[in-house]
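Chemist: If you scroll down you'll find the structure; I have some questions about it.
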Amino acid sequence: MNQRILISGASIAGLTVAHWLARYGFRPTVVERAPGLRAGGNGVDVRDHAVAVAERMGIMPSIRAAATDVQGMKFVDAADRTVARLDTAGASEVEIMRGDLVALLHRATGAGVEYLFGDSIRGLAQDDDGVTVTFDHAGSRRFDLVIGADGMHSNVRRLAFGPESQFLRYKDHYFAFANADAALGENRWVTMYNQPGKMAGVYRSGNHAQAKAYFIFRSGPLRYDVRDVEQHKRLVSQVFGRDISWQIQELLAGALADPDFYFDALSQVHMPSWSTGRVGLVGDAAACASPASGAGAELALVGAYRLAGELASASGDHRVAFAQYQESHRDLVHKKQQIGPNVRLMVPKTHGGRWIRDGAAWLPILRAMTAAERLLRVKAPRALPEYVSAI
Ligand SMILES: Cc1cc2nc3c(=O)[nH]c(=O)nc-3n(C[C@H](O)[C@H](O)[C@H](O)COP(=O)(O)OP(=O)(O)OC[C@H]3O[C@@H](n4cnc5c(N)ncnc54)[C@H](O)[C@@H]3O)c2cc1C
6 MNQRILISGA SIAGLTVAHW LARYGFRPTV VERAPGLRAG GNGVDVRDHA
56 VAVAERMGIM PSIRAAATDV QGMKFVDAAD RTVARLDTAG ASEVEIMRGD
106 LVALLHRATG AGVEYLFGDS IRGLAQDDDG VTVTFDHAGS RRFDLVIGAD
156 GMHSNVRRLA FGPESQFLRY KDHYFAFANA DAALGENRWV TMYNQPGKMA
206 GVYRSGNHAQ AKAYFIFRSG PLRYDVRDVE QHKRLVSQVF GRDISWQIQE
256 LLAGALADPD FYFDALSQVH MPSWSTGRVG LVGDAAACAS PASGAGAELA
306 LVGAYRLAGE LASASGDHRV AFAQYQESHR DLVHKKQQIG PNVRLMVPKT
356 HGGRWIRDGA AWLPILRAMT AAERLLRVKA PRALPEYVSA I
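The letter at position 226 of the sequence shown is residue 231 when you use the numbering used here, and the numbering goes up by one with no holes.
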């Protein structure tokens with residue numbers, strides 16, 4: 006039952022669900038809009054149940070081998086003098102560059118997965134027996150099920166559930182990640198420079214040649230095309246382009262030259278249901294918690310594992326599997342969407358807020374908060390089941 010499954014998006018959620026579906030005996034096809042895997046992004050955390058998923062996929066040793074070695078965050082003034090340091094080493098099980106994780110997941114999907122790069126779903130028509138899918142480039146095809154793993158601005162969600170404005174909750178900030186000149190910043194630290202409502206930073210892992218630039222700014226909602234990278238670059242330039250303090254201009258120059266420049270609103274996705282008929286959603290498409298949660302990779306890995314596992318143990322019956330998947334995964338999503346004061350700590354609104362943050366970073370209080378968060382995480386909401394394929 007329901008053997009042919011189309012997955013939209015070849016990133017963390019899409020590749021993980023493809024791996025597990027193929028392993029359980031389904032026939033997954035992955036369609037990715039980009040011409041190849043998207044390697045951009047900074048470090049992402051693999052923690053808690055996500056470690057178990059990666060272990061069961063056999064990639065955890067490779068993830069550990071490729072891990073970054075960042076020690077923590079430091080805040081600097083305009084003269085690049087360190088005003089506060091916050092050691093976060095050990096806060097996550099493993100931090101890995103997003104592009105490295107995507108490459109490992111792709112390798113782990115093996116030969117049982119068909120890929121359509123450089124294409125996108127144009128239309129979905131469901132009936133009792135399956136879904137007729139039209140593409141921008143490939144000819145129309147029939148699938149039994151369609152899974153949207155195509156990120157916060159999911160195309161599958163738009164086609165099957167309606168406009169994204171119903172589901173996105175904007176959190177008052179925009180952010181950009183891109184390549185940076187590796188000579189900037191301090192080795193093994195994330196260096197951040199703040200002005201009221203703005204942050205520019207550089208992420209430098211000691212065992213990676215490439216440094217990464219961060220830009221975050223506070224703003225009301227902006228109107229722009231989510232797919233137009235040149236427009237994204239212009240928006241970031243408007244905010245940071247005339248600012249000659251610290252190393253902002255050097256960071257900006259590297260970022261603007263990066264073709265995989267990544268810009269988005271800091272938003273979350275909240276949906277009452279992650280499925281409609283034969284279409285299901287996973288990862289950011291279903292329940293983005295935002296980069297401020299530090300949990301995007303974890304939610305994508307664990308959600309994808311559960312979705313594929315539920316389909317396998319229900320012999321492909323999507324009505325049973327989609328309901329079980331949502332029931333088993335929603336507690337973790339709910340917990341990770343409580344992002345607390347993370348953004349306010351990284352981007353204080355005022356000079357006073359920055360001063361308080363820098364003072365607090367020297368005190369044990371923030372370290373204690375990190376340790377408490379770790380302790381809470383040990384009480385994982387539910388054990389991660391081992392699924393047995395019934396197909
Ligand atoms: C280039 C890039 C850099 C990122 N950098 C960071 C980072 O530094 N820190 C962080 O916390 N998070 C980052 N993220 C987001 C992070 O990957 C996700 O929050 C999280 O890992 C969940 O992953 P996901 O697979 O659900 O979604 P995403 O990682 O967003 O992947 C969605 C995938 O779907 C593809 N896609 C989009 N539209 C279509 C379409 N119409 N048809 C087919 N495919 C489509 C995209 O190209 C992408 O490959 C980045 C995402 C991308 C794509």
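For every residue, glycine included, the Cβ atom is placed at its ideal position computed from N, Cα and C.
As the structure is a prediction and not an experimental result, all values here were calculated from the model.
Which residues does DSSP pair with Pro33 in a beta bridge?
Modeler: Numbered from its first residue, the sequence shown carries residue 33 at position 28. Pro33 pairs with Ile10.
Chemist: Just to check, is the beta-carbon of Asn7 closer than 7 Å to a non-hydrogen atom of ligand 1?
Modeler: Residue mapping note: residue 7 aligns to position 2 of the sequence shown, counting from 1. Outside the cutoff, so no.
Chemist: Once you ignore the five residues that flank Gln131 on each side, which residues in its own chain have a CB closer than 6 Å to its CB?
Modeler: Taking the sequence shown and counting its residues from 1, one reaches residue 131 at position 126. Gly282 and Arg283.
Chemist: Classify Glu391 as helix, strand or coil using the three-state DSSP reduction.
Modeler: Taking the sequence shown and counting its residues from 1, one reaches residue 391 at position 386. Of the three classes helix, strand and coil, the one that applies to Glu391 here is coil, per DSSP.
Chemist: Kindly provide the ranges of any alpha helix (DSSP H) runs that are 4 or more residues long and lie completely inside the region 277-332, ordered along the chain.
Modeler: The qualifying runs are 289-292 and 301-318.
Chemist: Considering only their Cβ atoms, is the gap separating Ala313 from Arg90 smaller than 8 Å?
Modeler: Locating residue 90 in the sequence shown gives position 85, where the first residue counts as 1. Locating residue 313 in the sequence shown gives position 308, where the first residue counts as 1. No.
Chemist: Measure from the alpha carbon of Pro66 to the alpha carbon of each residue in Gln76, Val51, Ser145 and Thr21, then state which is nearest.
Modeler: By one-based count along the sequence shown, residue 66 stands at place 61. Out of Gln76, Val51, Ser145 and Thr21, Val51 has the C-alpha closest to the C-alpha of Pro66.
Chemist: Roughly how many angstroms separate the alpha carbons of Gln252 and Leu189, rounded to a whole number?
Modeler: Residue 252 sits at position 247 when you count from the first residue of the sequence shown. Residue 189 sits at position 184 when you count from the first residue of the sequence shown. About 8 Å.
Chemist: Are the Cβ atoms of Ala23 and Val138 separated by less than 8 Å?
Modeler: If you number the sequence shown from 1, residue 23 lands on position 18. If you number the sequence shown from 1, residue 138 lands on position 133. Against a cut-off of 8 Å, the Cβ pair of Val138 and Ala23 comes out as no contact.
Chemist: I'd like to know if the region 158-172 and the region 62-80 are in contact, where contact means that at least 3 CB-CB pairs between them fall below 8 Å.
Modeler: The region 158-172 is not in contact with the region 62-80.
Chemist: Check whether the region 121-129 touches the region 26-39, taking contact to mean three or more Cβ pairs, one atom from each stretch, closer than 8 Å.
Modeler: These segments touch.
Chemist: Report the option in Tyr267, Val287 and Phe266 whose CA atom is closest to the CA atom of Val274.
Modeler: Working through the sequence shown from its first residue, we reach residue 274 at position 269. Cα-wise, what sits closest to Val274 is Val287.
Chemist: Considering only their Cβ atoms, is the gap separating Lys203 from Val352 smaller than 8 Å?
Modeler: Position 347 of the sequence shown, counted from the start, is the residue given in the question as residue 352. Position 198 of the sequence shown, counted from the start, is the residue given in the question as residue 203. The answer is yes: Cβ separation under 8 Å.
Chemist: Since Val207 and Leu129 should fall inside the 8 Å C-beta cutoff, what is the C-beta to C-beta distance between them, to a whole number of angstroms?
Modeler: To locate residue 207, count along the sequence shown from 1; it is residue 202. To locate residue 129, count along the sequence shown from 1; it is residue 124. About 42 Å; that fails the 8 Å criterion.
Chemist: In this structure, what does DSSP give as the bridge partners for Ile361?
Modeler: On the sequence shown, residue 361 is found 356 positions in, with the first residue counted as 1. Bridge partners of Ile361: none, in fact.
Chemist: What's the gap between the Cα of Gly301 and the Cα of Gly144?
Modeler: Stepping through the sequence shown from its first residue, residue 301 is reached at position 296. Stepping through the sequence shown from its first residue, residue 144 is reached at position 139. In a straight line, the C-alpha of Gly301 is about 33 Å away from that of Gly144.
Chemist: Closest to Ser272 by CA distance: which of Glu315, Lys238, Gln171 and Ser333 is it?
Modeler: By one-based count along the sequence shown, residue 272 stands at place 267. If we check each option's Cα against that of Ser272, Gln171 comes out closest.
Chemist: Apply the 10 Å Cβ neighbour rule to His142 and answer buried if 16 or more other Cβ atoms are within range, or exposed otherwise.
Modeler: Mapped onto the sequence shown, residue 142 falls at position 137. Exposed: under 16 other Cβ atoms inside 10 Å.
Chemist: Can you tell me whether Lys217 is helix, strand or coil according to DSSP?
Modeler: As a first step, residue 217 must be located in the sequence shown, where it is residue number 212. Here Lys217 sits in strand by DSSP.
Chemist: Looking at C-alpha atoms only, which residue of Gln343, Leu306, Asp248 and Trp360 is the closest neighbour of Ala154?
Modeler: Within the sequence shown, residue 154 is the residue found at index 149, counting from 1. Of the listed residues, the one whose Cα sits closest to Ala154 is Leu306.
Chemist: Going by the CB atoms, is the gap between Ile221 and His178 shorter than 8 Å?
Modeler: Your numbering for residue 178 matches position 173 in the sequence shown. Your numbering for residue 221 matches position 216 in the sequence shown. Yes, the Cβ-Cβ distance between His178 and Ile221 is below 8 Å.
Chemist: Quick check: Leu150 and Asn7, are their CB atoms within less than 8 Å of each other?
Modeler: For this step, residue 150 is matched to residue 145 along the sequence shown. For this step, residue 7 is matched to residue 2 along the sequence shown. Yes, they are a contact pair.
Chemist: Apart from the five residues just before and just after Asp105, which ones in its own chain have a Cβ nearer than 6 Å to its Cβ?
Modeler: Start at 1 with the first residue of the sequence shown, and residue 105 comes out as number 100. Around Asp105: Ala71.
Chemist: Mapping DSSP to helix, strand and coil, what is Ser272?
Modeler: Taking the sequence shown and counting its residues from 1, one reaches residue 272 at position 267. DSSP places Ser272 in strand when its eight states are reduced to three.
Chemist: By a C-beta neighbour count over all protein chains shown, 10 Å radius and 16 as the cutoff for buried, is Glu100 buried or exposed?
Modeler: Working through the sequence shown from its first residue, we reach residue 100 at position 95. Classification of Glu100: buried, given that the 10 Å Cβ count is 16 or more.
Chemist: Is Lys354 buried or exposed, if buried means 16 or more other CB atoms sit within 10 Å of its CB?
Modeler: To locate residue 354, count along the sequence shown from 1; it is residue 349. Exposed, by the Cβ-count rule.
Chemist: Just verifying my parser: in three-state terms, what is the DSSP assignment at Gln236?
Modeler: As a first step, residue 236 is located in the sequence shown; it is residue number 231 there, counting from the start. Helix, per DSSP.
Chemist: Looking at the unbroken alpha helix (DSSP H) that takes in Val161, where does it start and where does it end?
Modeler: For the purposes of this step, residue 161 is identified with residue 156 of the sequence shown, where counting begins at 1. Per DSSP, Val161 belongs to the alpha helix (DSSP H) from Asn160 to Phe166.
Chemist: Compare the C-alpha of Gly299 against each of Ala309, Arg311, Phe327 and Gln342 and name the closest.
Modeler: Working through the sequence shown from its first residue, we reach residue 299 at position 294. It is Gln342 whose Cα lies nearest to the Cα of Gly299.
Chemist: Going by Cα to Cα distance, which pick from Thr114, Thr196 and Tyr219 is closest to Thr87?
Modeler: Within the sequence shown, numbered from 1, the residue matching residue 87 stands at position 82. Closest option to Thr87, Cα to Cα, is Thr196.
Chemist: Do you know how far the Cα of Lys238 is from the Cα of Leu261?
Modeler: In the sequence shown, the residue the question calls residue 261 occupies position 256. In the sequence shown, the residue the question calls residue 238 occupies position 233. Rounded to the nearest angstrom, the two C-alpha atoms are 6 Å apart.
Chemist: Measure the beta-carbon distance from Leu109 to Ile64 and round it to whole angstroms, keeping in mind my assumption that it falls under 8 Å.
Modeler: Here residue 109 refers to the residue found at position 104 when the sequence shown is read from its first residue. Here residue 64 refers to the residue found at position 59 when the sequence shown is read from its first residue. That pair is a contact at about 5 Å.
Chemist: Going by other Cβ atoms of all chains shown within 10 Å of its Cβ, with 16 needed for buried, is Val393 buried or exposed?
Modeler: Translated into positions along the sequence shown, residue 393 becomes position 388. Burial call: exposed.
Chemist: Would you say the beta carbon of Asp85 is closer than 7 Å to some non-hydrogen atom of ligand 1?
Modeler: As a first step, residue 85 must be located in the sequence shown, where it is residue number 80. No, Cβ of Asp85 sits at least 7 Å from all heavy atoms of ligand 1.
Chemist: Quick check on the DSSP output: what are the complete beta strand (DSSP E) runs of length 3 or more inside the region 84-142, in order along the chain?
Modeler: Counting only runs of 3 or more, we get 87-92, 99-102, 119-122, 126-131 and 136-140.
Chemist: Could you check if Phe182 belongs to the surroundings of ligand 1, using beta carbon to heavy atom distance under 7 Å?
Modeler: For the purposes of this step, residue 182 is identified with residue 177 of the sequence shown, where counting begins at 1. Under cutoff, so the answer is yes.
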